[in-house]
Amino acid sequence: MKHQPLVTAAIAVATTLALAACGGAQDDSSGGGGFTAEPAEGGTVHVLQNADFSYLDPARGWDGGVNNFYRLVYRQLTTSAPGSSEDPTEIVPDLAESLGEASDDGLTWTYTLKDGIKFDNGDPITSAEVKFGISRAWDPEIGIGSPYLKQVIDAPEGYEGPYKTGDLPTIETPDDKTIVFHLIKPFPEFDAVLSQVNATPFPVDSGAGDEFIHKIIASGPYKLAEYVPGSTIKLERNENWDPETDDVRAAKPDGWEFTIGLDPATIDERLIAGQGADVNAISGNIQPATLPRLQTPQLKERVLEFPGICTTYMGLNTTKEHLDDVRVRQAISYAIDRTTIVNASGGTQLGAPATTILPTSVAGHKDFDLYPSQDGTGDVEAAKKLLDEAGLADGFTLTLDIRSQESMQAQGEAVQQALERVGITVELNLIDTSTYYETIGTPSQQHDAAITGWCPDWASSAATFLPPLFDGRNIYEKGNGNLAQINDPEINKRIDEIGAMTDSDAANEQWGDLDEQILELAPVVPLMVAKTVLLPGENVAGLYSSANAATGGIDYVGVGLKDPEKG
Amino acid sequence: MTSFPTDLTTAQPVEAGTDDTPEAPAAAAAGALRSGAGGTWQALRHDVGAMLGLGYIVLVTLVAILAPVLTSISGWTPYEFDQTAIDPNLGGMPIGPWGGVSAEHWFGVEPGSGRDIFARIVYGARVSMSIALSATLLTTVLGVSLGLMAGYFGGRVDLVISRVMDFLMAFPALIFMIAVLSALPAGNRSALLVVVISVFGWPYLARIVRGQTMSLAQREFVEAARAAGASGTRIVFREILPNLRSTIIVMSTLAVPGYIGTEAGLSFLGVGVVPPAPSWGQMISASVKWYAVDPAYFVVPGVCLFLLVLSFTVLGDRLRAVVDAQEGR
Amino acid sequence: MPRFLLSRVTSGLGVLLLVCLFTYLVFFALSPDPAVQICGKNCTPELIDQIRGNLGLDQPFWTQFVQFVVGIFAGRTYGEGVSAVDCAAPCLGYSFQSSQAVWDMIVQRLPVSATVAVGAAVLWLLAGLAGGLLSAVKEGTFADRFITGLTLTSMSIPNYVLALVLQYVLVVKLQWLPFPQAVPFADDPVQWFLNFVMPWMVLAIGYAAAYTRLTRANVLDVLRENYVRTAFAKGLPPSLVWRRHALRPALTPVVTIFGMDFAGLLGGALITETVFGINGVGKMAADSIARNDQPVIMGVTLLAGFLVVVGNIVVDVVYTTIDPRVRVNA
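Given below as structure tokens:
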């Protein structure tokens, strides 16, 4: 089952989950906002954002915000299809002529490079540069981004990247155009691994130390014109990028300007006002308080909605007293009130209740609700009955870790209220934003439960969703993703079996079944899927979402201006 | 030295500057201070501003003490969600005019959760007042005792205490307070807030107490006590401290609004009390995002806080004027 | 004079060293392991140990502290080999989160903070002096009471509330001003002014109120002095009495306070910059706190302490110059 992000141009009065999920075709006509109109050549697109990008170096950075930015300046052997294509989660060739050719045993993958591909300094990109760029992922200090290259590609024991160790012999470059990878074990989705941002080519011997922190070597349609950390990034055209070699990036505007460090409320105010150059501006999700202001016809027309691809969930630490009893976890699953959680997170326009781990827009999603209740407000009776069976009729106290950030606090308070109904007292343990993931990812510091979220690294399968969260063999002392610390032989076995399947459609169906199988044990409680609601400037066009490249936000590569003279 | 919490709030005892500078005589006619509380009260009673301020302070204090009674009358606890009072389709905005004001919710409800604002204001008064008053108490104790010690004993004691004061006053307190509060476990935030505020607050009082003590220590009645063989401690507590009473009362009253503002500001910056506990600062912080669509949500805690700060400032200001007049300045 | 200056500088340095030690100690005790933060998402215990070794984080506290202080004067190098980073003097530390020397980050943003501080200072000095003088001259009249009421009110409004109200009225509703951004003066003086005027107002209002009260109190004090009364009684022209006898002593305390306030603000107006999203030192500090970027927080704390200490010394010097009555150790 292929899924397609829906582009709705107007706010539907009551957007239902089903509608948002399987709406089908891209709808050009509705609302008349012309988001998907073909942009004209030229002009500068402005991006208003709160937080600075993590790193300009793709071996270091790896998150929703920066991955999308990388797509403007970097290319890889493969990449995600543009947001405007029929299936934006599809992996397509980029620097490579075609997708990889796997050997019969699935261990050797061969790619051939296109002609005419160059860096921004005019030097050609050959297999040596591709290999060099990929080998940077093994550097202990630089390769802190996406882990998949290191997990999948075979490398000598103790290899520490090109600067410390040197050449990576397991990637072969028989000639300038050909590159051959050897894998540790068969990985049918290897094309997706090479679309990860840290597979970006760089000139041999460049990028040591902090070289790519403030300046970069671009391979995409734009290069860095100006960078003031925490303040602005300006991109200008890379004249050495040949559009003939690139089927993914339309790259209509002449430049991009990112304004960083703006207060989220100020961003919304500017977008609503739409003064001056702000007609050419786009930004991330709007604030809940902005929603009621978008009810005028002019503003309604400018609202752009995408379904979310990240699940917000509450992990239940199965090693703790009471929570080691499946009945208690199921009772909590019954007692949770998803209506209050969605409302606390901005209401039905910004979030949809989730009863499954895989969100609707990730391939493999299966629709089910193991712990149903009237209007999703929770089944108090069922929960009490289970607690009674577990000998906890009088309830107990649990500590919930939450990030000291407003929306997550609100979610924590909603969970607290819901569980109080069945006699469970929830104590909120506030953890500073900057140390939150570190703390809950350290089992020795983790409490009974924690609210967090997960997004897929590629949405064409659940391979980056279920295994990291539920594989019992991946419980680490630090940086642990399996918050429930569940180690169930059945689940582990299924993860291996499905991961080895080469038929992706069949694999996706089974991922959906596994989702249900996992939730029967209730190691986590899915809470909601946050939706994306945007208010692009009125002169911006070519707005499509991409689950892979933009984590469900606007795919920058298709964006441009309707009238480049404006603003 | 005026701007204790850098640009957080300027309600800090700015006027302290007058006494602070070498220009002002450190303790003008301290003997006159003995005129007693009765006279001060007589003078204040006829001051409309001071009385209004005092009235509001008493009201807020009563509300804080009676919070459980008041919420049992209004029918909502500060933590209960009311999903019927908000509109899930509009970002969780309260239904109805004035932020959802109704017979059910007297001051409206909080967007997103539908929690009762009246209940949260009432309980928030508890948090805000108790933090500000505890901080004032702690600062006063610290400031007075250290100021007395520095002023009376002089020498090395004075040197050490004065250096510590210099150091604390040169310290960018706001940045530091936020950094420390966000790094420490949030377990007992209220106590932490009091401690952190007090640590950076006491030198402002201590400086003045020190100056006045130094000048009082030279006066005849102290000399006489010393000649009569009174111990240092006895002189400090029996002879000097009573003479500082007015100064301490005035300075403390003027410090309260600063601490209320600091607590609110720290809550505004996200390092205040732990949810779901309400404080006025936390409420303002949560409401600023909604000020354009739900101004009532912003106005209620904003006005409550503003009036409380104003009341303390006016009261302190008048108190000072009366005391100054009694001193014959 | 040089001796006095020397002793002030020495004690100032002492205070700074204390600030430094205290900050370092607190962050050493409180902060999560910086090595873990640098290590990123796919960390292993071995990698953490390696980073700790590279950065000297495995050294005892005093060694690390001495290294830090020496680095301020002599610069230092973090790590070794290909991944070494240089931090030239004055090295206030190195932010591994933004891969920049803290000093460079501060220098980049200091002009913005200075612009905010200078503009606000001009505003509040003008308003404060004028308001205070007027209030004192018209003591007891309606104008005096009005000004007093206004100052008490402005002192009671939290400036983040004021900032948002102003922004809503002036930018959103009336559209008289743009959403503030740090436009360089050289680019467009008019836009520069329009962008900064709101932050200036917000920052200045509390100080203006305080200065009004201070000026008023001082002027009234001086007017009650015998020598001023005598001067008026002698029949000297009032303007001369004001200039020569009243204003100068009345305003010297204002200078003292101003020096320290201004110095403190140069290091960044945290709330104002944060609320308006102006990328000055204050906003950088707030952002760094949110990200737990410990070296930056320490750097900004030190800078702010340094500015206050320098401000104090400057004030003392200016003070002895303009008011000869003040003896150095008074």
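Taken in sequence, the protein lines are chains D, U and W. For the first sequence, the working numbering begins at 1 and goes up steadily by one. For the second sequence, the working numbering begins at 1001 and goes up steadily by one. For the third sequence, the working numbering begins at 2001 and goes up steadily by one. Just so you know, even glycine gets a beta-carbon here, dropped at the ideal spot from N, CA and C. All of these numbers come straight from a predicted model, not from anything done at the bench.
Alpha carbon of residue i to alpha carbon of residue j, nearest angstrom
i: PHE2068(W); j: MET528(D); result: 47 Å
i: ALA199(D); j: TYR437(D); result: 25 Å
i: SER2095(W); j: VAL2009(W); result: 29 Å
i: GLN2181(W); j: PHE2232(W); result: 51 Å
i: ALA250(D); j: PRO243(D); result: 8 Å
i: ALA20(D); j: GLY1108(U); result: In this prediction, ALA20(D) has a pLDDT of 32, which is less than 50 and means its spatial position is unreliable; what the coordinates show is noted afterwards. Approximately 32 Å, taken between the alpha carbons.
i: GLY166(D); j: GLU160(D); result: 8 Å
i: ARG576(D); j: ALA393(D); result: Residue numbering for chain D in the displayed model covers 1 to 567; residue 576(D) lies beyond these limits and cannot be assessed.
i: GLU257(D); j: SER1134(U); result: 50 Å
i: LYS185(D); j: GLU141(D); result: 26 Å
i: GLY346(D); j: SER1072(U); result: 29 Å
i: THR1021(U); j: THR2256(W); result: Residue confidence is low: THR1021(U) scores 32 on pLDDT, short of 50, so the model does not pin down where it sits. Its coordinate-derived value is still stated next. Using only the alpha carbons, I get a separation of about 8 Å.
i: ALA390(D); j: VAL380(D); result: 15 Å
i: ILE216(D); j: ALA1179(U); result: 33 Å
i: GLY308(D); j: GLY1091(U); result: 16 Å
i: LEU2302(W); j: PRO2238(W); result: 48 Å
Nearest neighbour of residue i, chosen from the options [CA to CA]
i: PRO655(D); options: GLY43(D), GLY499(D), TYR55(D) and SER373(D); result: There is simply no residue 655(D) to check, as chain D begins at 1 and stops at 567 in what is shown.
i: PHE187(D); options: VAL557(D), LEU521(D) and GLY499(D); result: GLY499(D)
i: PHE1312(U); options: PHE1081(U), ALA1292(U), VAL1300(U) and SER1252(U); result: SER1252(U)
i: GLN2108(W); options: ARG494(D), SER504(D), THR232(D) and LEU107(D); result: THR232(D)
i: PHE2179(W); options: LEU2170(W), ILE2257(W) and ILE2271(W); result: LEU2170(W)
i: ALA1173(U); options: ALA2186(W), PRO2111(W), VAL2300(W) and GLY2075(W); result: VAL2300(W)
i: LEU2030(W); options: LEU1269(U), GLU1223(U) and LEU1181(U); result: LEU1181(U)
i: LEU2194(W); options: ALA2186(W), ALA2204(W) and TRP2176(W); result: TRP2176(W)
i: ALA2217(W); options: VAL2317(W), GLY2268(W), ALA2035(W) and THR2148(W); result: THR2148(W)
i: ILE1284(U); options: SER1267(U), PRO1276(U) and PRO1275(U); result: SER1267(U)
Nonlocal neighbours in the same chain, by C-beta distance under 6 Å from residue i, ignoring five residues either side
i: VAL73(D); result: ALA218, GLY220 and TYR222
i: GLY83(D); result: TYR544, SER545, SER546, ASP555 and GLY558
i: ASP57(D); result: PHE212
i: PRO88(D); result: ALA81 and SER546
i: ILE1240(U); result: THR1213 and LEU1216
Contacting residues, own chain, Cβ-Cβ under 7 Å from residue i (five flanking each side not counted)
i: GLY1096(U); result: SER1102
i: TYR163(D); result: ASP139 and ALA208
i: ALA382(D); result: TYR334
i: TRP1280(U); result: GLY1124, SER1128, ALA1264, PRO1301, CYS1304 and LEU1305
i: ALA1330(U); result: Summary: the structure shown does not reach residue 1330(U), with chain U confined to residues 1001 through 1329, and so no result is reported for it.
i: GLU538(D); result: GLY274, VAL279 and ARG302
i: GLY1031(U); result: Its pLDDT being 36, under 50, GLY1031(U) is placed unreliably by the model, and the measurement read from it follows with that caveat. Cβ neighbours of GLY1031(U) beyond the five flanking positions: none.
Cutoff 8 Å; reference residue i; Cβ partners in own chain excluding five residues on either side
i: MET2155(W); result: GLY2206, ALA2209 and ALA2210
i: THR1136(U); result: SER1252, ALA1255, VAL1256 and TYR1259
Secondary structure of residue i, DSSP reduced to three states
i: LEU2092(W); result: coil
i: ALA383(D); result: helix
i: ALA2263(W); result: helix
i: ILE402(D); result: strand
i: VAL426(D); result: strand
i: ASP175(D); result: strand
i: PRO1242(U); result: helix
i: LEU527(D); result: strand
Cβ-heavy atom distance, residue i to the ligand HEM, below 7 Å
i: PRO1242(U); result: Questions concerning the ligand HEM fall outside what the structure shown contains, since it holds no ligand whatsoever.
One or two residues paired with residue i in a DSSP bridge
i: ILE451(D); result: MET314(D)
i: VAL2085(W); result: TYR2078(W)
i: TRP109(D); result: ALA102(D) and PHE181(D)
i: PHE306(D); result: THR532(D)
i: TRP256(D); result: VAL45(D) and LEU235(D)
i: MET1093(U); result: ASP1087(U)
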